[in-house]
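A.B. asks: Residues in the sequence shown are numbered from 70 upward in steps of one, following our numbering.
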Amino acid sequence: MKKLVAGLTAVALIFGGAAFLPAYGGAFGRVINASAAENADFTEGEFGCVNTDDGVEIVSYSGNDTELAIPSVLGGKIVTSIGSYCFEFNRTLQSVTVPEGVTKIDDHAFFGCRQLVSVELPSTLDTIGNSCFWGCPKLQSVHIPDSVTSFDTLVFSGCTALNDVTLPSGLDILPDFTFYNCSSLNKLTLPSGLTEIRQMSLLGCTSLKSLSIPQNCVIQDHAVGFFYEKDRFKHIEGFTMYVYPDSPAESYAKTFEVPYKYVGEERTTGDVNYDGEINITDITLIAAHIKGKRILSDDARKRADVNGDGCINVTDIIKIAAHIKGKRLL
70 MKKLVAGLTA VALIFGGAAF LPAYGGAFGR VINASAAENA DFTEGEFGCV NTDDGVEIVS
130 YSGNDTELAI PSVLGGKIVT SIGSYCFEFN RTLQSVTVPE GVTKIDDHAF FGCRQLVSVE
190 LPSTLDTIGN SCFWGCPKLQ SVHIPDSVTS FDTLVFSGCT ALNDVTLPSG LDILPDFTFY
250 NCSSLNKLTL PSGLTEIRQM SLLGCTSLKS LSIPQNCVIQ DHAVGFFYEK DRFKHIEGFT
310 MYVYPDSPAE SYAKTFEVPY KYVGEERTTG DVNYDGEINI TDITLIAAHI KGKRILSDDA
370 RKRADVNGDG CINVTDIIKI AAHIKGKRLL
């Protein structure tokens, strides 16, 4: 079965990328799930499970929930992994919460879940497998915990509604096709320790207009700032890379004629989310930071500290509000 899916994956990339294989769904998905269920050591409720050395792996799911909180314990053992193809082609899931204790989500686990909108991942998660969320066109929200140190290829390929992602601090390689054709992705925060952006990992991210590249990060050909159309790589209009002087990213930008500026030039006071505008969204982000609901990144904090006093507080909100009203420009 894995060889069959791998073969279809190769065909999909040649004949239309992320849109091809998830369209199968239906009978093909049920065959995979039924096969996994037959190989389960036991079932509990809607879950087929296999015993492992450190707990339980969920290998199949027969339910039709729209909102699913995966149990943390099944068969009296801790759930430590979500198996390959477990939820593949599920037609009903809209939101999923993966429990604490899970360390691995294996290949194709949520592949082709076309109704899936949000996923909550646990702080224990270490590994996200090949094509895990490939072809989930409604997926908008996924917070990737800093515990994750390993992605495989195609993880979010074809997630055309995904718009804002912060990659975990321990990730050092962005694999092939990670965000391939994620056309709504407009904000991506890369970890400072990232060393490589591999083949086509950001190809087709046409809404992404700026990206800050870590100092020692190598970028493979056409991986950043391009989309593919009519057998040609084309530059994304309005895209700018922020790079360090004499870095691999600067060399990439020069080689492939991608517009770039140096890191630091992108910090515009008051433009907290760095979308080119200072508006109510920036005030909302500062308010959430002050309340501790969503802490800003280091760069965002520098843009939020509009009066330069080293603190982010109501004073900064007042100054931005005055700017928006035209009473006192920043």
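Ideal placement from N, C-alpha and C gives every residue a C-beta, glycine not left out. These numbers come from a predicted model, not from an experiment.
Can you tell which of V167, C251 and L272 has the C-alpha that lies nearest to the C-alpha of I127?
C.D. replies: I127 has its Cα closest to that of V167, out of V167, C251 and L272.
A.B. asks: S316: which of N285, D122 and G377 sits nearest, CA to CA?
C.D. replies: When each option's Cα is compared against that of S316, the closest is N285.
A.B. asks: To which residues of the same chain is S253 closer than 7 Å at the C-beta, ignoring the five residues directly before and after it?
C.D. replies: Cβ neighbours of S253 beyond the five flanking positions: T229, A230, L231, N232 and S276.
A.B. asks: Check V224 in the structure and name its three-state DSSP category.
C.D. replies: V224 falls in the coil class under three-state DSSP.
A.B. asks: Can you give me the Cβ contacts of K396 inside the same chain, cut-off strictly under 8 Å, excluding the 5 residues immediately before and after it?
C.D. replies: There are no such residues.
A.B. asks: Compare the C-alpha of G181 against each of L208, P191, L194 and S192 and name the closest.
C.D. replies: The shortest C-alpha separation from G181 is found at L208.
A.B. asks: Could you give the distance in angstroms between the alpha-carbon of T161 and the alpha-carbon of R301?
C.D. replies: Each residue's Cα considered, the two are about 37 Å apart.
A.B. asks: Could you check how far apart the C-beta atoms of G63 and I305 are, in whole angstroms? I think they sit under 8 Å.
C.D. replies: This structure cannot settle anything about residue 63, because the visible part of the chain is limited to 70 through 399.
A.B. asks: How close, in whole Å, do the beta carbons of S164 and S187 come, if the pair is a contact with beta carbons under 8 Å?
C.D. replies: Rounded, the Cβ-Cβ distance is 5 Å, consistent with contact.
A.B. asks: To the nearest angstrom, how far is it from the Cα of Y329 to the Cα of L263?
C.D. replies: For Y329 and L263, the distance between alpha carbons rounds to 19 Å.
A.B. asks: Evaluate the contact criterion for the stretch 212-227 versus the stretch 244-252: three or more CB pairs, one atom per stretch, below 8 Å.
C.D. replies: As far as the Cβ criterion goes, the stretch 212-227 touches the stretch 244-252, which means the pair count is three or higher.
A.B. asks: Taking the continuous beta strand (DSSP E) assigned at S127, which residues delimit it?
C.D. replies: Note on identity: in this sequence residue 127 is Ile, with Ser being the wrong assignment. Where I127 is concerned, the enclosing beta strand (DSSP E) stretches over G124 to Y130.
A.B. asks: Identify the continuous beta strand (DSSP E) that holds D233 and give its terminal residues.
C.D. replies: D233 to T235 is the extent of the beta strand (DSSP E) around D233.
A.B. asks: In chain order, what residues of the same chain have a beta carbon less than 6 Å from the beta carbon of I311, not counting five sequence neighbours either side?
C.D. replies: Here the sequence assigns Tyr to residue 311, which means Ile is not the residue at that position. So the list reads S281, K330, V332 and E335, once near-sequence residues are dropped.
A.B. asks: So what's I387 in DSSP terms, helix, strand or just coil?
C.D. replies: Note: I387 maps to helix in three-state DSSP.
A.B. asks: Classify A369 as buried or exposed, calling it buried when 16 or more other Cβ atoms lie within 10 Å of its own Cβ.
C.D. replies: The residue in question, A369, is buried, as its Cβ has 16 or more Cβ neighbours within 10 Å.
A.B. asks: Measuring CB to CB, does T475 end up less than 9 Å from P237?
C.D. replies: In this structure the chain extends from 70 to 399, so residue 475 is not present and cannot be described.
A.B. asks: Where does S187 sit, in a helix, a strand or coil, going by DSSP?
C.D. replies: Of the three classes helix, strand and coil, the one that applies to S187 here is strand, per DSSP.
A.B. asks: Taking the straight line between their C-alpha atoms, what separation do you get for L398 and A391?
C.D. replies: Cα-Cα distance, rounded: 7 Å.
A.B. asks: Counting Cβ pairs, one atom from each stretch, are 3 or more of them under 8 Å apart for the stretch 129-145 and the stretch 167-177?
C.D. replies: Taking 8 Å as the limit for Cβ pairs, the verdict is that the stretch 167-177 does touch the stretch 129-145.
A.B. asks: Got a sec, what are the start and stop residues for the beta strand (DSSP E) S281 sits in?
C.D. replies: Unbroken beta strand (DSSP E) run through S281: S279 to S281.
A.B. asks: Let's see if you can read the secondary structure: which residues bound the alpha helix (DSSP H) around S150?
C.D. replies: Segment K146 to I151 is the beta strand (DSSP E) holding S150; no alpha helix (DSSP H) there.
A.B. asks: Which residues in the same chain as E346 place their Cβ atom closer than 7 Å to its Cβ, once the five residues preceding and following it in sequence are excluded?
C.D. replies: Excluding residues within five positions, the ones whose Cβ falls inside 7 Å are D340.
A.B. asks: What does the alpha-carbon distance come out to for the pair F325 and I266?
C.D. replies: Distance between the alpha carbons of F325 and I266: 15 Å.
A.B. asks: Would DSSP call T43 helix, strand or coil?
C.D. replies: Shown here, the chain extends from 70 to 399; a query on residue 43 therefore has no answer.
A.B. asks: Please list the terminal residues of the continuous beta strand (DSSP E) segment that includes R301.
C.D. replies: Its beta strand (DSSP E) spans residues R301 to H304.
A.B. asks: Can you grab the Cα-Cα spacing for the pair G144 / E113, in whole Å?
C.D. replies: Going by the C-alpha atoms only, they are around 7 Å apart.
A.B. asks: Going by DSSP in three states, Y392 sits in which element: helix, strand or coil?
C.D. replies: Reading the sequence as shown, one finds His at residue 392 and not Tyr. Helix.
A.B. asks: Can you list, in chain order, the residues of its chain with a C-beta nearer than 6 Å to that of S210? Leave out the 5 residues immediately preceding and following it.
C.D. replies: S187, listed in sequence order.
A.B. asks: Can you give me the start and stop residues for the alpha helix (DSSP H) that L354 sits inside?
C.D. replies: Element bounds for L354: I349 to I359.
A.B. asks: Rounded to a whole number of angstroms, what is the C-alpha to C-alpha distance between N376 and D175?
C.D. replies: The alpha-carbon atoms of N376 and D175 are separated by roughly 47 Å.
A.B. asks: Tell me the DSSP secondary structure of Y343 in three-state form.
C.D. replies: Residue state, collapsed to three classes: coil.
A.B. asks: In chain order, which alpha helix (DSSP H) runs of at least 4 residues are fully inside the stretch 252-328?
C.D. replies: Complete alpha helix (DSSP H) runs here, min 4: 317-324.
A.B. asks: Along the chain, where does the beta strand (DSSP E) containing A138 start, and where does it finish?
C.D. replies: Here the beta strand (DSSP E) through A138 covers E136 to A138.
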